[in-house]
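Participant: FYI, in this note's numbering the residues of the sequence shown are 1073 to 1404. Backbone N, C-alpha and C define an ideal beta-carbon position, used for all residues, glycine too. Keep in mind it's a predicted model, so treat the numbers as computed, not measured.
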Amino acid sequence: MVVEIRAVRTALFLVFLLALLQPCLAAELPRIIAHRGASGYLPEHTLEAHALAHGQNADFIELDIILTKDSKLIVFHDLTLDATTNVHLVYPHRHRADGHWYAMDFTLGELRKLKVGERRTAEGKAVFPGRFPPEVYLYRIATLEEVIAQLRGLNKSSGKKIGLDVEIKDPQFHLQQGMNLSRLVHESLMDDPAILGELPLLVQSFDARCLKYLAHTLQAPYPLVQLLDHVPCPEAGITAITPKDFFLEVSAYAQGIALDHQGLGTSAYFPHFVHQAKKQGLTVDIYTARQDKFPDCYTSFSGMISYLHEVLAVDGIITDFPDSVRAILNRE
Ligand code: G3P
Ligand code: CA
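Listed below in structure tokens is the structure:
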């Protein structure tokens, strides 16, 4: 009888313990990666947008890196200055024959004379009409060094440990112009040994050659992420390679993938693809979650975020709205 009571007590205790542990057993929350800073609220890649992302408790801040004429690393998305600066007013005649102003044709000193604003179309309209007013030009182009200095400062003053997700932008285009962007980014991250120990760091690129060069030639000690702008789907005839073989190949040089969320709406193959990547041991981040523009197959932004977390169990969500994604994940 005593033995039976003990057994019942033990069983009850285990049930109670399991109930307590339940939230911990649920899928871990994905890392929230602020895309170009909190770019849903302030012009992308300004120090101000990065500071806001920090205040909104992103886990990482995503940076795009390109080079200036004098080989300085700047945090800027496009190779050209047309869509997010007032370059046409400051340097009206400095465009190339194709009509575009290339950042790499200007020294850092020259670029400092420009003002940065919200992204516009070629016709001058706001790309995201509900965001920061496109006619307000208050900001300036920042260097990688400045962005890192600000992040470290904010980490120190807030006691947080927010990391960097660095994208090497168009390395082949830079190489064609005689500039080894991948090496310069790597050296700049490695030059300061404290960065690796102090800041969570990811380095990503769409260019597999760049990632292989970082992994094999430069022996990069930080995690590398292969960006993919579509699901290489055998069903759609895009490639004959199976996901398993594809991810075997990727895992030889990278630790993760980051996948465009557009595939969520267009490919039934998407969940299988994500599953296969995870099975291969790769992390999966999804870009770019925008509350003002998301795939039609979702009726709400929060529905999409819950699907990414609860059904696909992705490792990261790259978003223009870190505060909203955080709020949705906390509510779940
Ligand atoms: O972080 C992934 C995402 O940034 C890639 O797309 O064009 O915004 O650089 P893009
Ligand atoms: Ca990017």
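#1: Taking 7 Å as the cut-off, does the CB of His1107 come closer than this to any heavy atom belonging to ligand 1?
#2: Counting contacts by CB-CB distance shorter than 8 Å, is Tyr1209 in contact with chain B?
#3: Measure the C-alpha to C-alpha separation of Gly1189 and Ile1138 and round it to an integer number of angstroms.
#4: By how many angstroms is the C-alpha of Glu1116 removed from the C-alpha of His1149?
#5: Whose C-alpha, out of Lys1232, Gly1388, Leu1186, is nearest the C-alpha of Arg1212?
#6: Within 10 angstroms of the Cβ of Pro1367, are there 16 or more other Cβ atoms? Answer buried if so, exposed if not.
#7: Looking at C-alpha atoms only, which residue of Thr1152, Asp1131, Arg1398 is the closest neighbour of Pro1272?
#8: Identify the continuous beta strand (DSSP E) that holds Gln1298 and give its terminal residues.
#9: Report the three-state DSSP secondary structure of Lys1284 (helix, strand or coil).
#10: Would you say the beta carbon of His1246 is closer than 7 Å to some non-hydrogen atom of ligand 2?
#11: Say yes only if the C-beta of Glu1116 is nearer than 7 Å to one or more non-hydrogen atoms of ligand 2, and no if none qualify.
#12: Can you list, in chain order, the residues of its chain whose CB lies under 7 Å from that of Ser1254, leaving out five sequence neighbours each side?
#13: Pairs of beta-carbons, one from the segment 1298-1305 and one from the segment 1316-1336, closer than 8 Å: are there three or more?
#14: Report yes if the C-beta distance between Thr1360 and His1107 is below 8 Å; otherwise report no.
#15: Between which two residues does the beta strand (DSSP E) carrying Phe1132 extend?
#16: Answer yes or no: the CB of Thr1391 versus the heavy atoms of ligand 1, is any distance below 7 Å?
#17: Along the alpha helix (DSSP H) that carries Asp1317, what are the first and last residues, could you check?
#18: Hey, out of Met1376, Val1275, Phe1245, whose CA is closest to Val1257's CA?
Facilitator: Put simply:
#1: yes
#2: No chain B appears in this structure, which consists of one protein chain only.
#3: 18 Å
#4: 8 Å
#5: Leu1186
#6: exposed
#7: Asp1131
#8: 1296-1300
#9: helix
#10: no
#11: no
#12: Ile1240, Pro1243, Cys1282, Tyr1285, Leu1286
#13: yes
#14: yes
#15: 1132-1139
#16: no
#17: 1315-1322
#18: Val1275
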